[in-house]
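Note that this note's numbering has the sequence shown beginning at 8, numbered continuously upward.
We put the beta carbon where it would ideally sit given N, CA and C, even for glycine.
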Amino acid sequence: MNNIKRDIAAVFNELAEGLETGQFGKRASVAVIGIGSEMGEENVMAGCVQAAERGVDVIFLGTHKHELVTTIECDCAEDAFDKMEYLLANGGADAAVAMHYPFPIGVSTVGRTVAPATGKDFYLATTTGTTSTDRVEALVLNAIAGIATAKADGIANPTVGLLNLDGMRQAEIVLKTLQDNGYPIIFATSGRADGGAIMRGNDILRASQDVLVLDSLTGNAVIKMLSSFTSGGSYETVGAGYGPGVGEKMAGIVMIISRASGAPVIAGAIEFAASLVKGNLASVYAQELELARKAGLDKLLAERREAAAAKSGEPEVVAPPSEVVTEQIEGIDVLDLEDAVKLLWSHSIYAESGMGCTGPIVRISTANLEKAREILRNGGFVSE
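The structure is reproduced here in structure tokens:
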């Protein structure tokens, strides 16, 4: 920790000097992890330079240097992650961009990309993470997270489209009930002849909506395809990445990019982060959630969970008291992730789902790690 403090001291000195001279002004500072890209650190630095040229103060965590970017030298991904967390916690950076982050349940990322048919930016809510272990509840909360992110990014009255997926009709009922109760959601209209708020694939290509609501697994696939289409799928060239983690459990702004993100996408993610700093994402999300709750959000979701539990004939699995989770279990299929977490909850073991650098993970405390492995192994979620 002392090494981290010494390495970062120079960053705080630059912040102070900038404030004294007036050169720093209201520019947002964004820390970017450069280690881990499939395309090398030089590619990440190129994106950082592009963002710096457009008015963002960029802190590069890695080994490469450039006169427009502040570099804090890091010798591995873990070192870079620790320094990123330190900067965020101590005011050295307003936001961060990383290639993975262990978001807890309740937090998912809202991406921003470009519609190939129209060139219009739109938001995908969501692209990674687990907003809720209940699919319909997750879709409803994803809509609120998407609206908040769009507003913080400068869209005063974003329109919301609901991709035609399993569970979306039920989510539409909840969202339209909220609208009837006073929640100011504005539904988009599909470009197809029958219209309506349910979007088809055509609407993705045309951006018939400002915010497209989908589950994070589908959102991840969609943003990957749109971002890497022009390169034939070899790397991502378009958009602003997978976006910030949004949710009540999220502190600060952490943006996710892919290890296959090209420099333009990295620059876009940095600028997206700076915009959300200026727009005060956390405050906008809290306000949006409050409006939804005044319209009956909590009651509607509770009724939905009770109805689903009654239909299945099984009692709802409730999370045990939370505890610090510092360990992770890998090798679980993303489609099984929610069930794996619930299995551990049913054994009175607190667990959270997340996304590690190699894929889905279950986060667990050190004390429960071995017991959790055994339960998941016996349940068929992980191999020997």
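Distance between residue j and residue i (C-alpha atoms, nearest Å)
i, j, result
"residue 186", "residue 161", "22 Å"
"residue 167", "residue 212", "15 Å"
"residue 65", "residue 310", "46 Å"
"residue 74", "residue 262", "24 Å"
"residue 28", "residue 328", "In this prediction, residue 28 scores a pLDDT of 40, lower than 50, which makes its location untrustworthy; no coordinate-derived value is stated."
"residue 132", "residue 152", "7 Å"
"residue 42", "residue 97", "22 Å"
"residue 243", "residue 278", "16 Å"
"residue 76", "residue 84", "19 Å"
"residue 208", "residue 173", "14 Å"
"residue 210", "residue 223", "18 Å"
"residue 338", "residue 347", "11 Å"
"residue 82", "residue 204", "49 Å"
"residue 379", "residue 135", "24 Å"
"residue 25", "residue 239", "Unreliable positioning characterises residue 25 in this predicted model, as indicated by a pLDDT of 48, which lies under 50. The coordinate reading is nonetheless provided below. If I take the Cα positions, the gap works out to 43 Å."
"residue 267", "residue 54", "13 Å"
"residue 250", "residue 228", "14 Å"
"residue 392", "residue 231", "The chain is shown from 8 up to 391; residue 392 falls before or after that span and cannot be answered."
"residue 165", "residue 375", "44 Å"
"residue 270", "residue 88", "20 Å"
"residue 264", "residue 141", "26 Å"
"residue 122", "residue 216", "10 Å"
"residue 107", "residue 234", "17 Å"
"residue 289", "residue 258", "8 Å"
"residue 253", "residue 94", "19 Å"
"residue 280", "residue 296", "21 Å"
"residue 156", "residue 143", "20 Å"
"residue 241", "residue 294", "40 Å"
"residue 312", "residue 138", "15 Å"
"residue 104", "residue 130", "18 Å"
"residue 256", "residue 292", "12 Å"
"residue 128", "residue 237", "16 Å"
Which residues DSSP lists as bridging residue i, in chain order
i, result
"residue 219", "131 and 168"
"residue 104", "39 and 262"
"residue 73", "76"
"residue 370", "335 and 359"
"residue 268", "243"
"residue 125", "Partner(s): none; residue 125 has no beta bridge."
"residue 137", "114"
Residues near residue i in its chain [Cβ-Cβ closer than 8 Å; skip 5 each side]
i, result
"residue 335", "109, 361, 363, 368, 369, 370 and 371"
"residue 350", "382, 383, 386 and 388"
"residue 220", "132, 146, 149, 150, 153, 167, 168, 169, 170, 175 and 178"
"residue 199", "207, 209 and 210"
"residue 316", "322 and 323"
Delimiting residues of the beta strand (DSSP E) encompassing residue i
i, result
"residue 115", "114-121"
Near the ligand PLP: residue i beta-carbon under 8 Å from a heavy atom
i, result
"residue 132", "Within the structure as shown, the ligand PLP is missing, as the structure has no ligands at all."
Residue span of the alpha helix (DSSP H) that contains residue i, given as start and end
i, result
"residue 154", "142-159"
"residue 253", "First-last for residue 253: 250-253, but that is the beta strand (DSSP E), not the alpha helix (DSSP H)."
"residue 68", "Counting along the chain, residue 68 falls outside any alpha helix (DSSP H), though it belongs to the beta strand (DSSP E) covering 64-69."
"residue 80", "Unbroken run through residue 80 is the beta strand (DSSP E), 77-80; no alpha helix (DSSP H)."
"residue 50", "48-60"
"residue 287", "Residue 287 -> no alpha helix (DSSP H), and no H or E assigned at all."
"residue 382", "376-385"
"residue 88", "84-97"
"residue 353", "344-353"
Proximal residues to residue i (C-beta, below 7 Å), its chain only, five neighbours per side dropped
i, result
"residue 72", "78"
"residue 353", "324"
"residue 30", "Note that residue 30 has pLDDT 44, beneath the 50 cutoff, so the model's placement of it is unreliable and no number is given."
"residue 284", "35, 101, 102 and 260"
"residue 48", "41, 42, 69, 70 and 71"
"residue 58", "65, 274, 277 and 278"
"residue 282", "160 and 161"
"residue 182", "147, 150 and 192"
"residue 63", "34, 35, 37, 277, 278 and 281"
Sequence-distant residues of its chain with Cβ nearer than 6 Å to residue i (five each side left out)
i, result
"residue 359", "111, 112, 332 and 370"
"residue 344", "360 and 367"
"residue 298", "190"
"residue 357", "327, 329 and 330"
"residue 196", "202"
"residue 355", "327"
C-beta neighbour in chain B for residue i, strict 9 Å
i, result
"residue 47", "No chain B is part of this structure, which consists of one protein chain only."
Could you tell me which uninterrupted beta strand (DSSP E) segments, each at least 3 residues in length, are contained entirely in the stretch 185-242, listed from first to last along the chain?
-> Counting only runs of at least 3 residues, the stretch 185-242 fully encloses the following beta strand (DSSP E) elements, listed from N- to C-terminal order: 218-220.
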